[in-house]
Amino acid sequence: MNTERTTSGGGDGDHDAVLRAVAQLPQSIEPRRDLWPAIARGLDQPTSTRRTRFEVSWSFAAAAAVGCVALGALLSYSVLRQDATPAVPTDPSATASNLPTVQQANFGSYAALGPEYERARATLVIDLAERLDRLPPVTRLKVEKNLAEIQRAVTEINAALERAPGDTLLQELLMNAYQDELSLLAHLNQTTGALPART
Amino acid sequence: MSLNAGMTAEAAATDSDEQQVERARLGDRMAFEGLYRAHCGRVYGLCLRLTRDPAVAEDCTQETFISAWRNLARFEGRSAIGTWLHRIAVNVALGRARRGGLEVVPAPEEDDRDDTTRAVIDDDTPPIDVENAIASLPEGARHVLVLYGIYGYTHEEASDMLGIAVGTCKAQLHRARRLLRERLNA
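Here the protein sequences line up with chains S and W, keeping their order. Under this note's numbering, residues 1 to 199 are what the first sequence spells out, in order. Under this note's numbering, residues 1 to 186 are what the second sequence spells out, in order.
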């Protein structure tokens with residue numbers, strides 16, 4: 001057993017009684033069981049297979065996050081070249097019905113979406129159809145596709161959380177997906193606020 | 001595949017850390033098991049003191065050695081293998097805490113206490129449960145005290161491991177000492 005002390009624990013000359021008592025504690029504590037068999041099994045396990053459980057969720061979440069960043073740039077670009085884009089009449093009611101409602105998290109009441117989140121989202125989706133309608137068709141399609149992508153990530157992570165409610169990584173992914181959606185909606189509102197309504 | 005298939009872990013354990021590391025780098029599992037046998041106590045001890053939960057500490061210890069096996073090629077030998085393993089263990093334990101996987105574990109009942117966790121302040125005072133007093137410290141102060149006071153790392157090394165400033169490390173140690181003294185004298 002290696003019991004070396006790599007350096008002097010009291011290098012600052014403050015070896016008072018408390019630190020002396022602490023330094024007397026054994027550095028080594030044997031685990032209650034032999035951990036080697038489990039470690040040996042872990043050595044055989046390829047890194048990639050250890051991530052299988054989260055692969056799909058990660059891919060959706062990552063796609064949604066990347067999409068949000070790309071869309072932010074696209075929305076800004078669209079505003080700049082708004083004048084050059086021909087207006088295309090669309091059906092606002094069709095767009096509004098495409099936006100899914102907020103899904104509640106499935107991992108316990110303590111982490112359920114709070115009223116503040118729902119209020120913030122409700123504010124952002126006001127006139128969403130009209131705002132989307134102000135965008136060039138290509139941009140609008142991408143925004144709608146990205147919102148759907150985020151919702152798909154939320155659905156998938158929620159389903160995984162039903163199976164593993166205590167999984168903190170999944171909880172974090174879900175919160176990130178909700179935040180991505182809010183960010184996208186906020187960016188959309190901010191960007192389209194400067195645009196005139198299409199006629 | 002093991003390069004020394006006929007070699008037992010006990011025989012491997014008689015080699016120096018450097019020899020075992022070199023052989024483990026080449027895929028020799030017996031050599032790596034030798035490293036595990038030599039260092040698991042110190043790694044588990046650190047994980048237990050950082051997490052305060054034996055089951056979580058066991059998981060962290062396993063993850064530490066699996067991670068070490070996968071990253072042996074990156075070990076440059078500039079520090080002792082034990083120090084390198086401790087760095088990994090701190091990362092694993094703190095990563096778990098950041099992901100919210102750790103819960104505050106109450107101090108064990110009197111009957112569960114082990115004599116090996118007791119220490120003596122000085123010859124004139126009765127044994128006191130220093131280990132439990134350390135476990136009751138706030139997280140930041142406890143982490144610094146464990147690395148500095150028990151495992152002997154300098155402030156520079158401990159702050160590097162914990163990802164905090166050296167000044168913060170010193171302040172946390174000061175706080176830990178003050179709180180520990182209060183609790184031990186209570």
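Quick reminder that beta carbons are idealized off the backbone N, C-alpha and C, glycines included. Since the model is a prediction, treat every value here as computed from it, not as a measurement.
Go through its chain and collect everything with a Cβ distance to residue i's Cβ below 7 angstroms, but skip five positions before and after it.
i: LEU48/W; result: PRO54 and ALA57
i: TYR36/W; result: PHE65
i: ARG25/W; result: LEU72 and ALA73
i: CYS60/W; result: CYS47, THR51, ALA89, VAL92, ALA93 and ARG96
i: TRP36/S; result: none
i: ALA176/W; result: LEU137, ALA141, ARG142, VAL144 and LEU145
i: TRP69/W; result: PHE32
Which residues in the same chain as residue i place their Cβ atom closer than 6 angstroms to its Cβ, once the five residues preceding and following it in sequence are excluded?
i: ILE81/W; result: ASP17 and VAL21
i: SER48/S; result: Note that SER48/S has pLDDT 46, beneath the 50 cutoff, so the model's placement of it is unreliable and the number below is only indicative. Result list for SER48/S: empty, nothing under 6 angstroms.
i: ILE207/S; result: Absent from the model: residue 207/S. The displayed extent of chain S is 1 to 199, so no value can be given.
i: PHE75/W; result: TRP84
i: ARG23/W; result: ALA31
i: ALA171/W; result: none
i: VAL43/W; result: THR61, THR64, LEU85 and ALA89
i: CYS169/W; result: VAL144, HIS155, ALA158 and SER159
i: TYR153/W; result: LEU147
Taking 7 angstroms as the cut-off, is the C-beta of residue i nearer than that to any heavy atom in the ligand MG?
i: TYR151/W; result: This structure lacks the ligand MG, and indeed carries no ligand of any kind.
Going along chain W in order, which residues have a C-beta closer than 7 angstroms to the C-beta of residue i?
i: SER28/S; result: GLY41, ARG42 and GLY45
i: LEU19/S; result: GLY149 and ARG177
i: PRO137/S; result: In chain order: nothing, as chain W lies at least about 42 angstroms away.
i: ARG32/S; result: PRO54
i: LEU170/S; result: Within 7 angstroms Cβ-Cβ: nothing; LEU170/S doesn't reach chain W, min ~11 angstroms.
i: LEU173/S; result: Within chain W, no residue comes near LEU173/S; the closest Cβ sits about 11 angstroms away, beyond 7 angstroms.
Pick from the options: whose alpha carbon is nearest that of residue i?
i: HIS174/W; options: GLY163/W, SER79/W, ASP160/W and VAL146/W; result: VAL146/W
i: ILE39/S; options: GLY45/W, ARG42/W and ARG29/W; result: ARG29/W
i: ALA23/S; options: PRO138/W, ALA165/W and ILE134/W; result: ILE134/W
i: ASP180/S; options: ALA148/S, LEU169/S and ALA159/S; result: ALA148/S
i: LEU128/S; options: LEU182/S, ILE157/S and ALA160/S; result: LEU182/S
i: ARG121/S; options: ALA186/S, ILE29/S and THR155/S; result: ALA186/S
i: LEU19/S; options: GLY77/W, ALA165/W, ALA171/W and GLY149/W; result: GLY149/W
i: GLU33/W; options: GLY42/S, ARG32/S, ASP133/S and PRO26/S; result: GLY42/S
i: ASN146/S; options: ILE126/S, LEU25/S and LEU184/S; result: LEU184/S
i: SER67/W; options: VAL144/W, HIS86/W and ARG98/W; result: HIS86/W
i: GLY41/W; options: GLU172/S, ILE29/S, ARG33/S and GLN45/S; result: ILE29/S
i: PRO26/S; options: GLY77/W, VAL130/W, GLU63/W and ARG78/W; result: VAL130/W
i: GLU139/W; options: LEU179/W, VAL166/W and TYR151/W; result: LEU179/W
i: GLU172/S; options: SER79/W, ARG181/W, LEU162/W and ARG98/W; result: ARG98/W
i: GLY27/W; options: PRO31/S, ALA21/S, ALA17/S and ASP44/S; result: ASP44/S
i: GLY77/W; options: TYR153/W, HIS39/W and GLN19/W; result: GLN19/W
Name the chain W residues that come within less than 8 angstroms of residue i, Cβ to Cβ?
i: ALA38/S; result: GLN62
i: VAL154/S; result: Per Cβ cutoff of 8 angstroms: no residues; VAL154/S is ~20 angstroms from chain W at best.
i: VAL22/S; result: ALA119, VAL130, ILE134, LEU145, GLY149, ILE150 and LEU180
Residue i touches chain S at which residues, Cβ-Cβ below 8 angstroms?
i: LEU48/W; result: ILE29
i: GLN162/W; result: First, the residue type needs correcting, since residue 162/W is Leu and not Gln in the sequence shown. Ordered by position in chain S, no residue passes the 8 angstroms Cβ test against LEU162/W, which lies about 15 angstroms from the chain.
i: LEU184/W; result: VAL18 and ALA21
Going along chain S, which residues have a C-beta under 7 angstroms from residue i?
i: ILE66/W; result: ILE39, GLY42 and LEU43
i: ASP166/W; result: Here the sequence assigns Val to residue 166/W, which means Asp is not the residue at that position. Per Cβ cutoff of 7 angstroms: no residues; VAL166/W is ~11 angstroms from chain S at best.
i: GLU58/W; result: PRO31 and LEU35
Counting only Cβ pairs nearer than 9 angstroms, list the residues of chain W close to residue i.
i: VAL143/S; result: Neighbours of VAL143/S on chain W: none; closest Cβ ~32 angstroms, over 9 angstroms.
i: LEU185/S; result: Near LEU185/S there are no residues of chain W at all, since even the closest Cβ is about 27 angstroms away, more than 9 angstroms.
Establish whether the CB of residue i and some CB of chain C are separated by less than 8 angstroms.
i: LEU180/W; result: Of the protein chains in the structure, S and W, none is chain C.
Cutting at 8 angstroms between CB atoms, please list the residues of its own chain near residue i, excluding the five before and the five after it.
i: TYR151/W; result: ARG42, LEU46 and HIS86
i: ASP124/W; result: Summary for ASP124/W: the model assigns pLDDT 44, below 50, so the residue's position carries little reliability; its value from the coordinates is reported in the next sentence. For ASP124/W, where only same-chain residues beyond five positions count, there are no Cβ hits under 8 angstroms.
i: ALA165/W; result: SER159
Could you please tell me which residues of the region 132 to 150 of chain W, in chain order, have their CB closer than 8 angstroms to any CB of chain S?
Taking 8 angstroms as the Cβ-Cβ cut-off against chain S, the residues of the region 132 to 150 of chain W that qualify are ILE134, LEU145, TYR148, GLY149 and ILE150.
Listed from N- to C-terminal order along the chain, which residues in the region 69 to 89 of chain W have their beta-carbon within a distance smaller than 9 angstroms of any beta-carbon of chain S?
Listed in sequence order: TRP69, ARG70, SER79, ALA80, ILE81, GLY82, THR83 and HIS86.
Residues of the region 22 to 33 of chain W with Cβ closer than 8 angstroms to any Cβ of chain S, in chain order
ARG29, PHE32 and GLU33
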